[in-house]
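Note sheet for the following structure.
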């Protein structure tokens, strides 16, 4: 992500360890400013979920609701025809379907 930019180690440390976590606005800012990404937010309508997932360019970052109501971000690598997602969860450090 950062190979095309001259960014200091101190800056990377600052953005890597934000104790209170990052919100969507923060992530879009970093992806567009310091990476080779186009980022925008969409709200998924559950009735059109399959249509939306079929037409996205992957990987995507997905905000999921959690039991504690704070929400959590996961990376979705692929939407499969059997209506399953291939995801990576930063808190589990794994990729699963």
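Numbering (full-length UniProt numbering), first residue to last: 1 to 97.
Ideal Cβ positions, reconstructed from N, Cα and C, are used throughout, including at glycine.
Nothing here was measured: the structure is a model prediction, and the numbers come from that model.
Report the residue from the options whose alpha carbon sits nearest the alpha carbon of residue i.
i, options, result
"residue 82", "53, 45 and 39", "53"
"residue 74", "92, 62 and 32", "62"
"residue 85", "59, 92 and 72", "59"
"residue 43", "31, 24 and 92", "24"
"residue 28", "71, 91 and 39", "39"
"residue 20", "92, 77, 76 and 72", "72"
For a test of the three-state rule: what should DSSP assign to residue i, helix, strand or coil?
i, result
"residue 29", "helix"
"residue 56", "coil"
"residue 89", "strand"
"residue 62", "strand"
So the alpha helix (DSSP H) residue i belongs to, where does it begin and stop?
i, result
"residue 44", "Careful: residue 44 lies outside any alpha helix (DSSP H) and carries neither H nor E."
From residue i to residue j, what does the alpha carbon distance come to, in whole angstroms?
i, j, result
"residue 88", "residue 48", "23 Å"
"residue 37", "residue 56", "14 Å"
"residue 33", "residue 50", "31 Å"
Does the beta-carbon of residue i have 16 or more other beta-carbons within 10 angstroms, so that it is buried, or is it exposed?
i, result
"residue 79", "buried"
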